[in-house]
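Single-structure report; data block below.
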Amino acid sequence: MYPRVKDVKAQDDYKILITFTNDEVKLFDMKPYINKGFFKQLQDKNYFNTVKPFMDSIRWKNGQDLCPDTLYLDSF
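Using my numbering, the letters of the sequence shown map in sequence onto residues 77 to 152.
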C-alpha cells in the first residue's frame with residue numbers, strides 16, 4: 077500500500093502540494109483533469125484553492141476527489 081495524504085495545499089497553475097503519511101512532499105498536476113466532466117468546476121481558481129485532505133486522499137466541497145495511489149504515483 078502506498079502512503080496516504082496527510083496535508084494538501086493548492087498551488088499556482090493547477091498544481092497541488094501534497095504531504096504524505098511517510099512525510100514525502102510531492103507536487104501533483106491537476107491540469108490533465110480540469111477539462112473533463114465533474115472536474116471542470118476546478119477551472120475556477122477560487123474553488124480549486126478550497127482543496128482539503130479527506131479520508132486519506134483529497135477532496136473539494138462538491139465531491140471531486142482522486143485515488144490516493146494515483147496522487148502518490150503520478151506526483152513529482
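Built from N, CA and C at the ideal position, the CB exists for glycine as well.
Buried/exposed call for P77, threshold 16 Cβ in 10 Å = By one-based count along the sequence shown, residue 77 stands at place 1. Note that residue 77 is Met in the sequence shown, not Pro. By the Cβ-count criterion, M77 is exposed, with fewer than 16 other Cβ atoms from all chains shown falling within 10 Å of its own Cβ.
Expressed to the nearest angstrom, what Euclidean distance is found between the alpha-carbon atoms of T126 and T97?
-> The residue you call residue 126 lines up with position 50 of the sequence shown. The residue you call residue 97 lines up with position 21 of the sequence shown. Going by the C-alpha atoms only, they are around 21 Å apart.
By the 10 Å Cβ neighbour count, where 16 or more other Cβ atoms means buried, how is M106 classified, buried or exposed?
-> Counting from 1 along the sequence shown, the entry for residue 106 is found at position 30. Counting Cβ neighbours within 10 Å, M106 comes out buried, since at least 16 surround it.
Taking only the alpha-carbon atoms, compute the straight-line gap between Y123 and G113 and give it to the nearest angstrom.
-> Numbered from 1 along the sequence shown, position 47 holds the residue referred to as residue 123. Numbered from 1 along the sequence shown, position 37 holds the residue referred to as residue 113. Rounded to whole angstroms, Y123 to G113 spans 16 Å at the Cα level.
Shortest alpha-carbon distance to S133 belongs to which of D120, P108 and L93?
-> Mapped onto the sequence shown, residue 133 falls at position 57. Restricting attention to D120, P108 and L93, the CA atom closest to the CA of S133 is found in L93.
Quick one: what's D141 bridged to in DSSP?
-> On the sequence shown, position 65 is the one that residue 141 refers to. D141 has R135 as its beta-bridge partners, per DSSP.
Kindly indicate the opening and closing residues of the alpha helix (DSSP H) around K128.
-> Position 52 of the sequence shown, counted from the start, is the residue given in the question as residue 128. First-last for K128: K128 to F130, but that is the beta strand (DSSP E), not the alpha helix (DSSP H).
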